[in-house]
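Sequence positions in the sequence shown follow the numbering used here and run -12 to 480.
For every residue, glycine included, the Cβ atom is placed at its ideal position computed from N, Cα and C.
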Amino acid sequence: MMPELDGPGVCMRIRKQHERPYIHIVLLTSRSSKQDVVTGLEAGADDYMTKPWDPAELTARLRVGQRILQLEDRLTGRKQTEEALRRSELRVQRLVDSNIIGIAIGDLGGKLIDANAAFLGLLGYTREELLSGNMHWDNMTPPEYLDRDQRAVEQLRNTGVAAPWEKECFRKDGSRVSILIGVVTVLSAQGDAESVAFVLDISERKRLEQKLRHAQKLEAVGSLAAGMAHEINTPIQFVGDNARFLQDSFHGIADMIDRYEELCEEADKGAVRKELLERARAAREKADWVYLRRDVPNALEQMLDGVGRVATIVRAMKEFSHLNQSVEKTAADLNKALESTLVVARNELKYVAEVETNYGELPLVMCHLGDLNQVFLNLLVNAAHAIGDAVKGTGEKGRIGVRTKQEGEWVEIAISDTGTGVPERIRERIFDPFFTTKEVGKGSGQGLALARAIVMEKHEGTLTFETEVGKGTTFYVRLPVNGAREAKEMVAS
Ligand SMILES: Nc1ncnc2c1ncn2[C@@H]1O[C@H](COP(=O)(O)OP(=O)(O)OP(=O)(O)O)[C@@H](O)[C@H]1O
Ligand SMILES: [Mg+2]
């Protein structure tokens, strides 16, 4: 007992100063009148005992206090959990409502049960359409993505999470939108597994990527333009020379034939004058017919050859640029594509390397051909640069090898060079965007980054390399024949 405070006073002070943790107060008092008990309890005591105190009773009462405190603890704990749950629900709800990210909930069969406004807005559906129960992932997925989606579903079933992947969806109006989607499973209130998909619109990024690819292609074609002009110039020149030769020869031939016609006319009438015969012979001499007889066919053949070469180059340019923006893959002959790319790049390669080709029998491959041509060109130009560095100052040439083969459901294109090789310390980085070891103007470090994006993302293929410093490098492009990777048939790289 404090000197200036009585029991009820102490109770009041404790209650005032200690809100938490709760203190259980048993008032021990010698007084026993009802009024004292009431004052004590009202001052904040939880219990009281009057003298004389029985220790057993005191212990029992303290136990009661302990039980009450435990109960109170449990209640506070539950309240805190509830509060945390409520806050976390609020957070999730805020995320759902914020419409930064599309969220859709479905059953594991792909039927959509709920979605937020961002998701519905992205795909052009209304809430009523969603609630009608007719929205299904499969109907919103273009056929070429169904295989990939199936793999995500398997991953989801096995692990509860499908790692984010890129795909396209049909909007209600039939147009397509590019999305990044990740899915997790959660248990519904009824205990069924549901899928929650997080969807991000990446159309803008895709458009920029496409633009960048396009720009890089134009840049590549631009940098090849001078070389191609040169390639076209040579055959055009000998077509011109031969045409001039034929033009010159034609006067003599025409004169000769005129004389021979005169002879024929005379012969029709009867005798032929000797003078006319002489003139015909002289014209034949002057035209140098013996020589022309032999050389005109040669000249014509060379002209046709030259025209053929120009046609080949122009066709290759056309095939190479293949500016097909279609989102669908088409079946293509990759050997032919490589041949076209080699024609287009010929001037770039021929001063540093001999090109050896070894085309295996390939099936038609479902692909975006224009993009793959660009990959092949980037790899060929890299090979030529690496050889250029290796043979610099020696006057020698290196070798570029182009080899194709089929391996089951895959085709492999190997482009090898006898160049410098890739030094160990940069091997990790050569696929990084803008990583280059070349001087400004010769390389911007985009070639391999784009090649990788095209091969891996657009075709679900692989792009790998083997290299030995001082010996050379081989890049391997592996593509699934049917345009999508079958996990089980993945070729070990
Ligand atoms: N065949 C190769 N042999 C040796 N090094 C290579 C070969 N291919 C690429 N590299 C290295 O990888 C780097 C990156 O290549 P990448 O094609 O991405 O860019 P770049 O050729 O430098 O520039 P860009 O392709 O944009 O013109 C090159 O700078 C070079 O150091
Ligand atoms: Mg390059």
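Inter-residue Cα distance where the pair is LEU356 and ILE300: The residue you call residue 356 lines up with position 369 of the sequence shown. The residue you call residue 300 lines up with position 313 of the sequence shown. Distance between the alpha carbons of LEU356 and ILE300 is about 18 Å.
Just the C-alpha distance for HIS123 and VAL183, rounded to the nearest angstrom, thanks. Position 136 of the sequence shown, counted from the first residue, corresponds to residue 123. Position 196 of the sequence shown, counted from the first residue, corresponds to residue 183. Going by the C-alpha atoms only, they are around 14 Å apart.
Three-state secondary structure assigned by DSSP to PRO151: Mapped onto the sequence shown, residue 151 falls at position 164. Strand.
I'd like the span of the alpha helix (DSSP H) that includes GLY209, first residue to last. Here the question's residue 209 lines up with position 222 in the sequence shown. Unbroken alpha helix (DSSP H) run through GLY209: 190 to 256.
Using the three-state DSSP reduction, which class does PRO42 fall into: helix, strand or coil? Here the question's residue 42 lines up with position 55 in the sequence shown. Note: PRO42 maps to helix in three-state DSSP.
Would you mind sorting ALA254 into buried or exposed? The rule is 16 or more other CB atoms within 10 Å of its CB. The residue you call residue 254 lines up with position 267 of the sequence shown. The residue in question, ALA254, is exposed, as its Cβ has fewer than 16 Cβ neighbours within 10 Å.
Kindly give me the distance between the Cβ atoms of GLY169 and PHE157, rounded to whole angstroms, as I take these residues to be in contact under 8 Å. Mapped onto the sequence shown, residue 169 falls at position 182. Mapped onto the sequence shown, residue 157 falls at position 170. Wrong, their Cβ atoms sit about 20 Å apart, outside the cutoff.
Scan the region 295 to 354 and note each continuous alpha helix (DSSP H) run of 4 residues or more that stays entirely inside, going in chain order. 321 to 336
Quick one: is TRP397 buried, meaning 16 or more other Cβ sit within 10 Å of its Cβ, or exposed? Translated into positions along the sequence shown, residue 397 becomes position 410. That one is buried.
Is the beta carbon of GLY430 within less than 7 Å of some heavy atom of ligand 2? To locate residue 430, count along the sequence shown from 1; it is residue 443. GLY430 Cβ: within cutoff of ligand 2.
Compare the beta carbon distance of VAL368 and ALA332 with 8 Å and say whether it is the shorter of the two. Taking the first residue of the sequence shown as 1, we reach residue 368 at position 381. Taking the first residue of the sequence shown as 1, we reach residue 332 at position 345. The answer is yes: Cβ separation under 8 Å.
For GLU426 and GLY388, the rounded distance between their alpha carbons: Working through the sequence shown from its first residue, we reach residue 388 at position 401. Working through the sequence shown from its first residue, we reach residue 426 at position 439. Roughly 25 Å separates the two Cα atoms.
Out of LEU117, PRO130, MET443, TRP276, which has the shortest C-alpha to C-alpha gap to ARG465? The residue given as residue 465 occupies position 478 in the sequence shown. ARG465 has its Cα closest to that of MET443, out of LEU117, PRO130, MET443, TRP276.
ASP404 beta carbon near ligand 1 (any heavy atom closer than 7 Å): Here the question's residue 404 lines up with position 417 in the sequence shown. Result yes, Cβ under 7 Å from ligand 1.
Within the continuous beta strand (DSSP E) that includes MET36, where are the two ends? Along the sequence shown, read from residue 1 onward, the residue named residue 36 stands at position 49. Taken as a continuous stretch (DSSP letters only), the beta strand (DSSP E) holding MET36 covers 34 to 37.
Quick one: is the Cβ of PHE363 within less than 7 Å of any heavy atom of ligand 1? Translated into the one-based positions of the sequence shown, residue 363 becomes position 376. No, since every heavy atom of ligand 1 falls outside the 7 Å radius drawn around the Cβ of PHE363.
Would GLY385 pass as a contact of GLY406 if the rule is Cβ separation under 8 Å? Counted from its first residue, the sequence shown places residue 385 at position 398. Counted from its first residue, the sequence shown places residue 406 at position 419. Yes, Cβ-Cβ distance for GLY385 and GLY406 is below 8 Å.
Within 7 Å: the Cβ of ILE417 and any heavy atom of ligand 1? For the purposes of this step, residue 417 is taken as residue 430 along the sequence shown, with counting starting at 1. Yes, since a heavy atom of ligand 1 falls inside the 7 Å radius drawn around the Cβ of ILE417.
Proximal residues to PRO222 (C-beta, below 6 Å), its chain only, five neighbours per side dropped: Locating residue 222 in the sequence shown gives position 235, counting from the first residue. Excluding sequence neighbours, PRO222 sits near GLY293, ARG296, VAL297.
Nearest-angstrom Cα distance between GLU447 and LEU325? Numbered from its first residue, the sequence shown carries residue 447 at position 460. Numbered from its first residue, the sequence shown carries residue 325 at position 338. Spanning the two alpha carbons is a distance of roughly 20 Å.
Per-residue DSSP class, three states only, for LYS21: In the sequence shown, counting from the first residue as 1, residue 21 sits at position 34. Correct three-state label for LYS21: helix.
Contact test: ASN369 Cβ vs ligand 2 heavy atom, cutoff 7 Å: Sequence index remark: in the sequence shown, residue 369 carries index 382 (1-based). Checking the Cβ of ASN369 against ligand 2 gives yes.
Mapping DSSP to helix, strand and coil, what is LYS261? For the purposes of this step, residue 261 is identified with residue 274 of the sequence shown, where counting begins at 1. If DSSP states are grouped into helix, strand and coil, LYS261 belongs with the helices.
Simplified DSSP assignment, three categories, for ASP275: Taking the sequence shown and counting its residues from 1, one reaches residue 275 at position 288. Coil, per DSSP.
Expected contact under 8 Å - CB spacing of ALA207 and LEU364 to nearest Å: One-based indexing of the sequence shown puts residue 207 at position 220. One-based indexing of the sequence shown puts residue 364 at position 377. About 6 Å; that satisfies the 8 Å criterion.
Does the Cβ of GLY434 lie closer than 7 Å to at least one heavy atom of ligand 2? By 1-based counting over the sequence shown, the position of residue 434 is 447. True, at least one ligand heavy atom lies under 7 Å from that Cβ.
Meets three-Cβ-pair contact criterion under 8 Å: the region 238 to 252 and the region 260 to 274: yes
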